[in-house]
Ligand SMILES: Nc1nc2c(ncn2[C@@H]2O[C@H](COP(=O)(O)OP(=O)(O)OP(=O)(O)O)[C@@H](O)[C@H]2O)c(=O)[nH]1
Ligand SMILES: Nc1ncnc2c1ncn2[C@@H]1O[C@H](COP(=O)(O)OP(=O)(O)O)[C@@H](O)[C@H]1O
Ligand SMILES: [Mg+2]
Ligand SMILES: [Mg+2]
Ligand SMILES: [Zn+2]
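Chains as they are written, first to last, in my numbering: chain A, 37 to 270; chain B, -19 to 250.
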């Protein structure tokens, strides 16, 4: 089974892209399955089952960072995908935490960015972009050729190795080659590792502390003047 | 350098084959696609933008210089020879116009002089297209609909190096159509207009007529139509002037309808 992890900020067009991918995979005789990971609400699984009658699931990350949650549930989702007899597992994550990135070594990492988010966005999304294999830029139908080209150049500046696909995900324009790339990805092995290590270990805020102010926290912390400090357990 | 693109026939919504087995667009052509709403105009230019290879609902195939599009056209957006401007296309940036054009020119042009020239030429071009001059210091977000269209077309023509430009119903907002076509003809590119505008249609070299999703006919602008161009452009310009006058709070007088005078029409017949 092949694994595709598709991340990207909210409403950039992840589902629209994956719908066209699913359609094209089915046309070529493949058996895709779909997993949606979100924080507290998602209905993609139901919509996609209704449209394509393929196996779908969803997981809510709730109080966890969605990327951390995915790391934990990914193994079980692969077992699930295999059990349903699928040959491509497509995972749509919420991808809201811009310090983490959800990609694993053997799978294909796809980030979906929208051209309408302004020319500086590629400079802001961090490892979610730099550790991806493919960056799909959607909504190119909405922006000027100029902004489209500047957006593309900025992705290339921060992530020179990432392949860029520009797409109008409403019509599926530009998505054929993404399907070729997915099908050229090797099957996933039994053990798989995250591509990058998620940042700063035990974050006191992640573990539930609510006091504000630097003196209330330990581990690696930021200071007001953009410094980084380390403090052992208080 | 691309010399021609061809569209091999597919079928329309009712599975009837396109009437033209092979449409050929050559460098320098200005073409219109006409037809009622829902007749398949957008679908046809989407086929071109996607380099359709029998993999779109129409089943059409697009060839570049007689061959299927090289993988690089689909693979590397920087090699894509097609620029498309639709009714929904707009600028998002709120930079001043001059800064914005520089940001774009920087990724295309090597030297500061080339950049400055490209920006100046783009602004001049845009200002020829619209009656409301664009100042380099005005912010992108302050531009009117007509100024935005003019700048979109000028930027795609001058700074982008794409040899094929698709325009999907962009003519409505206040741009000067006669002058646009004359200016575009100075650039050796393929311009394909999806249009409802009679002036643009007649100023094109030929028009493709769409019906029920199908290419129904290819009509070269014939000699009689060509001889009517000045009259139609005159009428179009007259309507633009009327629009401007009324917008500026002026009165309209019979002399403003000069283009309607029979004497003029007669002179075109000769
Ligand atoms: N014009 C245009 N609209 C698009 C395009 N891609 C997506 N959209 C629209 O953008 C909106 C959001 O698309 P989705 O596919 O739901 O985005 P998403 O990333 O899955 O959103 P979440 O899962 O809610 O984060 C929808 O209204 C889509 O129709 C595109 O290429 N062009
Ligand atoms: N050759 C074709 N085969 C199948 N469906 C088509 C074809 N051409 C157009 N359609 C469908 O017809 C509808 C209207 O087409 P569109 O290209 O948007 O028309 P227009 O731009 O002329 O208003 C769309 O839903 C489109 O998918
Ligand atoms: Mg979604
Ligand atoms: Mg249309
Ligand atoms: Zn995180």
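Glycine included, each C-beta is placed from N, C-alpha and C at the ideal position.
Nearest neighbour of residue i, chosen from the options [CA to CA]
i: residue 205 of chain A; options: A:191, A:175 and A:196; result: A:175
i: residue 36 of chain B; options: B:166, B:206, B:-11 and B:119; result: B:-11
i: residue 19 of chain B; options: B:66, B:215 and B:193; result: B:193
i: residue 81 of chain B; options: B:34, B:51 and B:134; result: B:134
i: residue 228 of chain A; options: A:139, A:202 and A:47; result: A:139
i: residue 165 of chain A; options: A:38, A:123, A:199 and A:58; result: A:199
i: residue 88 of chain A; options: A:113, A:115 and A:56; result: A:56
i: residue 53 of chain B; options: B:28, B:-9, B:11 and B:239; result: B:28
i: residue 242 of chain A; options: A:125, A:99, A:170 and A:85; result: A:99
i: residue 192 of chain A; options: A:155, A:226 and A:219; result: A:155
i: residue 32 of chain B; options: B:49, B:-19, B:45 and B:-6; result: B:49
i: residue 17 of chain B; options: B:158, B:131, B:175 and B:165; result: B:175
7 Å Cβ shell around residue i - same chain, five flanking residues per side excluded
i: residue 168 of chain B; result: 7 and 8
i: residue 222 of chain B; result: 232 and 236
i: residue 224 of chain B; result: 111
i: residue 95 of chain B; result: 82, 85, 86 and 89
i: residue 44 of chain A; result: 50, 131, 147, 148 and 149
i: residue 167 of chain A; result: 137, 139, 145, 231 and 232
i: residue 140 of chain B; result: 63
Short CB-CB distance (under 8 Å) between residue i and chain A
i: residue 30 of chain B; result: yes
i: residue 156 of chain B; result: no
i: residue 198 of chain B; result: no
i: residue 61 of chain B; result: no
i: residue 55 of chain B; result: yes
i: residue 87 of chain B; result: yes
Buried/exposed call for residue i, threshold 16 Cβ in 10 Å
i: residue 57 of chain B; result: buried
i: residue 213 of chain B; result: buried
i: residue 196 of chain A; result: exposed
i: residue 158 of chain A; result: buried
i: residue 232 of chain B; result: exposed
i: residue 80 of chain A; result: buried
i: residue 207 of chain B; result: exposed
i: residue 2 of chain B; result: exposed
i: residue 156 of chain B; result: buried
i: residue 185 of chain A; result: buried
i: residue 47 of chain A; result: exposed
i: residue 41 of chain B; result: buried
First through last residue of the alpha helix (DSSP H) which encompasses residue i
i: residue 151 of chain B; result: Neither: residue 151 of chain B is in no alpha helix (DSSP H) and is coded neither H nor E.
i: residue 187 of chain A; result: 181 to 194
i: residue 53 of chain B; result: 51 to 55
i: residue 125 of chain B; result: 125 to 138
i: residue 31 of chain A; result: No answer is possible for residue 31 of chain A: the residues shown for chain A start at 37 and end at 270.
i: residue 212 of chain B; result: 203 to 227
Residue i at chain B interface by Cβ criterion, 8 Å
i: residue 207 of chain A; result: yes
i: residue 41 of chain A; result: no
i: residue 178 of chain A; result: yes
Beta-carbon contacts of residue i that lie in its chain and below 6 Å, excluding the five residues immediately before and after
i: residue 95 of chain A; result: 73 and 109
i: residue 101 of chain B; result: 138
i: residue 173 of chain A; result: 149, 151 and 202
i: residue 118 of chain B; result: 77
Close beta carbons around residue i, own chain, < 8 Å, minus the five adjacent residues each side
i: residue 152 of chain A; result: 175, 178 and 179
i: residue 136 of chain B; result: 63, 65, 142 and 145
i: residue 76 of chain A; result: 96 and 98
i: residue 25 of chain B; result: 13, 64, 146, 148, 172 and 174
Range of the contiguous beta strand (DSSP E) that encloses residue i
i: residue 70 of chain A; result: 68 to 74
i: residue 77 of chain A; result: Note, residue 77 of chain A: premise wrong, no beta strand (DSSP E); not H, not E.
i: residue 142 of chain B; result: Where residue 142 of chain B is concerned, there is no enclosing beta strand (DSSP E), given that its DSSP letter is neither H nor E.
i: residue 95 of chain B; result: No beta strand (DSSP E) holds residue 95 of chain B; the alpha helix (DSSP H) holding it covers 92 to 109.
Quiz prompt | Test item, CB below 5 Å from any non-hydrogen atom of ligand 6 | solution = As far as ligands go, the structure on display features ligand 1, ligand 2, ligand 3, ligand 4 and ligand 5 and does not contain ligand 6.
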